[in-house]
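Quick note, the sequences are listed as chains A and B, same order.
Position in the first sequence (from 1) plus 3 gives the number in my numbering.
Position in the second sequence (from 1) plus 3 gives the number in my numbering.
In this text, a Cβ means the ideal position worked out from N, Cα and C, and glycines have one as well.
All values derive from a computational prediction rather than experimental measurement.
Structure, as structure tokens:
There are 2 protein chains.
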Amino acid sequence: MKTVLTIAGFDPSSGAGVTADLMVFAAHGLFGTACITALTVQSTLGVLSTHPVSNEILSSTLDCLNADLPPSGIKIGMLSCRINAIKVDSYIRQLRLQHSGVGRGFEIPIVLDPVLRSSSGRELLDPAGIEVLQDSLLSIVDWVTPNLDELGVLTGRPVDSRGDVPAACAALQDRVAEKSGGHHRLGIFATGGHLDPPDDFLMMPGGEGIWLPGERVVTQSTHGTGCALSSAFLSRLVLGDASQEAAKAAKRYVSEALRTAVQHGLGRGPMNHLWLLSNEKDQVSMAR
Amino acid sequence: MKTVLTIAGFDPSSGAGVTADLMVFAAHGLFGTACITALTVQSTLGVLSTHPVSNEILSSTLDCLNADLPPSGIKIGMLSCRINAIKVDSYIRQLRLQHSGVGRGFEIPIVLDPVLRSSSGRELLDPAGIEVLQDSLLSIVDWVTPNLDELGVLTGRPVDSRGDVPAACAALQDRVAEKSGGHHRLGIFATGGHLDPPDDFLMMPGGEGIWLPGERVVTQSTHGTGCALSSAFLSRLVLGDASQEAAKAAKRYVSEALRTAVQHGLGRGPMNHLWLLSNEKDQVSMAR
Numbered sequence: 004m005k006t007v008l009t010i011a012g013f014d015p016s017s018g019a020g021v022t023a024d025l026m027v028f029a030a031h032g033l034f035g036t037a038c039i040t041a042l043t044v045q046s047t048l049g050v051l052s053t054h055p056v057s058n059e060i061l062s063s064t065l066d067c068l069n070a071d072l073p074p075s076g077i078k079i080g081m082l083s084c085r086i087n088a089i090k091v092d093s094y095i096r097q098l099r100l101q102h103s104g105v106g107r108g109f110e111i112p113i114v115l116d117p118v119l120r121s122s123s124g125r126e127l128l129d130p131a132g133i134e135v136l137q138d139s140l141l142s143i144v145d146w147v148t149p150n151l152d153e154l155g156v157l158t159g160r161p162v163d164s165r166g167d168v169p170a171a172c173a174a175l176q177d178r179v180a181e182k183s184g185g186h187h188r189l190g191i192f193a194t195g196g197h198l199d200p201p202d203d204f205l206m207m208p209g210g211e212g213i214w215l216p217g218e219r220v221v222t223q224s225t226h227g228t229g230c231a232l233s234s235a236f237l238s239r240l241v242l243g244d245a246s247q248e249a250a251k252a253a254k255r256y257v258s259e260a261l262r263t264a265v266q267h268g269l270g271r272g273p274m275n276h277l278w279l280l281s282n283e284k285d286q287v288s289m290a291r
Numbered sequence: 004m005k006t007v008l009t010i011a012g013f014d015p016s017s018g019a020g021v022t023a024d025l026m027v028f029a030a031h032g033l034f035g036t037a038c039i040t041a042l043t044v045q046s047t048l049g050v051l052s053t054h055p056v057s058n059e060i061l062s063s064t065l066d067c068l069n070a071d072l073p074p075s076g077i078k079i080g081m082l083s084c085r086i087n088a089i090k091v092d093s094y095i096r097q098l099r100l101q102h103s104g105v106g107r108g109f110e111i112p113i114v115l116d117p118v119l120r121s122s123s124g125r126e127l128l129d130p131a132g133i134e135v136l137q138d139s140l141l142s143i144v145d146w147v148t149p150n151l152d153e154l155g156v157l158t159g160r161p162v163d164s165r166g167d168v169p170a171a172c173a174a175l176q177d178r179v180a181e182k183s184g185g186h187h188r189l190g191i192f193a194t195g196g197h198l199d200p201p202d203d204f205l206m207m208p209g210g211e212g213i214w215l216p217g218e219r220v221v222t223q224s225t226h227g228t229g230c231a232l233s234s235a236f237l238s239r240l241v242l243g244d245a246s247q248e249a250a251k252a253a254k255r256y257v258s259e260a261l262r263t264a265v266q267h268g269l270g271r272g273p274m275n276h277l278w279l280l281s282n283e284k285d286q287v288s289m290a291r
């Protein structure tokens, strides 16, 4: 059973952040570890406040986990502030060096979900932190999973309609290639949950783009949808899927997690992260 | 699907603390929310450091969750420091008042796992915090789940052998009754994992004590065993079991989680919290 690491925020209502990511990993038969970048106070009604974890704790946690439970894949979510984005950037650079030193040409997949703002409007990464993403971190991860707003912020151009998406992805990919001195081709899994139909666009590292058809699931339980898609995509990559298959499987996973969700709370509740494991008829009898 | 809350520490290696508790709740078909009292830096090799969360964040998190996702049961684990123990104490007192105000005589079950020290020897609750437990918090929870060391600290007398356990439980129950002005009868689920045989002792609120036979499972994956037993016990109480049945079911749950664990890390790794849901043969095919 492989180990995967999530570096993200903490959501006490279990809809998003590290606890949701750990459930997604578990649903895919993977063992998850977690490094919290920031505590948030939130419920299904929205984010009330965010509190970055100190750089010392972040640093010590990443080193401690890496020494004992080295990851086979990494998901990066909310980073909260510039200093934590820089720490994560240097951790990933150090890992990449370690792996290239092994001489096997093997690199673990790293997926970054650019969590910039909550659905309720709260800033989840400060502007100086967004610059760290643009100027450095995106050059060393394999995939980024922005929604249309995030794609707009990362490219500095509005992305409002289906027609804007392919060009914005190409612009982001070119920009990252340029920042990395021309050698890094970032893969982009742009999520179009607010488009009609809600299709996603997959821009392969080689520059080929394809639309992945989406379906609208009518539910109030949409808290952390982007988090889960990104973690499910990483999970499938770690399990050995090629990127297109991984993206399609992640979409199926999220659709079913939405479809089978039970309503919790008064607002946007959590999805059913563990549906892949659920076997409700056996559950009670096995416990007895 | 009922909501249960864990108030405990955070373990990045997923063996103990809130992320393990959430898995235990999920395994029992319950929805878990979480309030972190302290971040820890740890792996399967032990606890490196602990960092209490500020009282303001703790307070705001409990209020935020309670307004949107009121719990049907609460597990209290690591409290870290006096000021956080006092905050949790006042939160529970406020909840108890709310429920008595409803006039239904209904009270949600609350189980406290007195996490005082890690297996690797690090202090997880300061001495002033232990006094808050002894003088106040134990008087308003329904059950406490100490191991023999913790029972010794809480009673101020050594608990080394099987023969010491019933008298120590009686002494703790009497002490708490006295502190509460005579009206509160604390239930005690004393875990004898280090006894041979590793039997547990259940002291009912009414004073009746019974031994629950345990079995030794040979595995290195014993990280967070106490956490999980306590959370599984709470889960069964929330699902409606009487206390003896809940205790027996919790023991079966933990034994199977130990037996089916896969080794992770170089030290004491996590148990298989989700064994109740696992259906490995279907897992991959359902994902495709």
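The Cβ atoms of Ser224 (chain A) and Leu261 (chain A) lie closer than 8 angstroms to each other. Note that the C-beta distance between Ser246 (chain B) and Gly190 (chain B) is below 8 angstroms.
Residue contact with chain B for Pro15 (chain A): present (Cβ-Cβ distance below 8 angstroms to some residue of chain B). Here the C-alpha atom of Asp152 (chain B) lies approximately 16 angstroms from the C-alpha atom of Leu232 (chain B).
Assignment of beta-bridge partners to His54 (chain A) by DSSP yields A:Leu42. Going by DSSP, Gly212 (chain A) is part of the beta strand (DSSP E) stretching over 212-215. Within the DSSP secondary-structure output, Glu126 (chain A) pairs in a beta bridge with A:Arg120. For the segment 167-202 of chain A, the full-length alpha helix (DSSP H) segments reaching 4 residues or more read 168-182 along the chain.
Looking at the DSSP output, Lys78 (chain B) shares a beta bridge with B:Thr9, B:Val114.
In the DSSP assignment, Asp152 (chain A) falls within the alpha helix (DSSP H) that extends over 151-158. By alpha-carbon distance to Gly155 (chain A), the top candidate from A:Leu72, A:Gln137, A:Val91, A:Ser142 is A:Gln137. Relative to Ile143 (chain A), the option among A:Val179, A:Ala250, A:Ser238 whose CA is nearest is A:Val179.
Annotated three-state conformation of Thr148 (chain B) is coil, per DSSP. Per DSSP, the unbroken alpha helix (DSSP H) holding Glu259 (chain A) starts and ends at 246-262. Closest by C-alpha distance to Leu72 (chain A), out of B:Gly18, B:Thr158, B:Thr194, is B:Gly18.
For the segment 20-47 of chain A, the set of positions with a beta-carbon nearer than 8 angstroms to some beta-carbon of chain B reads Val21, Thr22, Leu25, Met26, Ala29, His31, Gly32, Phe34, Gly35, Thr36, Ala37, Cys38, Ile39, Leu42, Val44, Gln45, Ser46, Thr47 in chain order. Excluding the 5 residues flanking it on each side, Ser75 (chain B) has same chain C-beta neighbours closer than 7 angstroms at Lys5, Thr6, Val7, Ile111, Val241, in chain order. The beta carbon of Leu151 (chain B) sits no closer than 8 angstroms to any beta carbon of chain A. Look at the beta carbons and you see the segment 44-51 of chain A not touching the segment 22-31 of chain A: under three pairs across the two are nearer than 8 angstroms. For Thr22 (chain A), the enclosing alpha helix (DSSP H) begins and ends at 20-30.
By the Cβ-count criterion, Gln101 (chain A) is exposed, with fewer than 16 other Cβ atoms from all chains shown falling within 10 Å of its own Cβ.
Going by beta carbons, Thr53 (chain B) and Ser16 (chain B) fall outside the 8 angstroms limit. In the same chain as Val220 (chain B), and ignoring 5 residues on each side of it, the C-beta atoms closer than 8 angstroms to its own belong to Ser258, Leu261, Arg262, in chain order. Residue range 228-241 is occupied by the alpha helix (DSSP H) that includes Arg239 (chain A).
The beta carbon of Met4 (chain A) sits closer than 8 angstroms to some beta carbon of chain B. Looking at the backbone, the Cα of Gly185 (chain B) and that of Ala252 (chain B) are separated by about 31 angstroms. In the DSSP assignment, the residues bridged to Pro273 (chain B) are B:His226. Put simply, of B:Ile133, B:Thr194, B:Glu181, B:Leu140 the residue whose alpha carbon is nearest the alpha carbon of Val162 (chain B) is B:Thr194.
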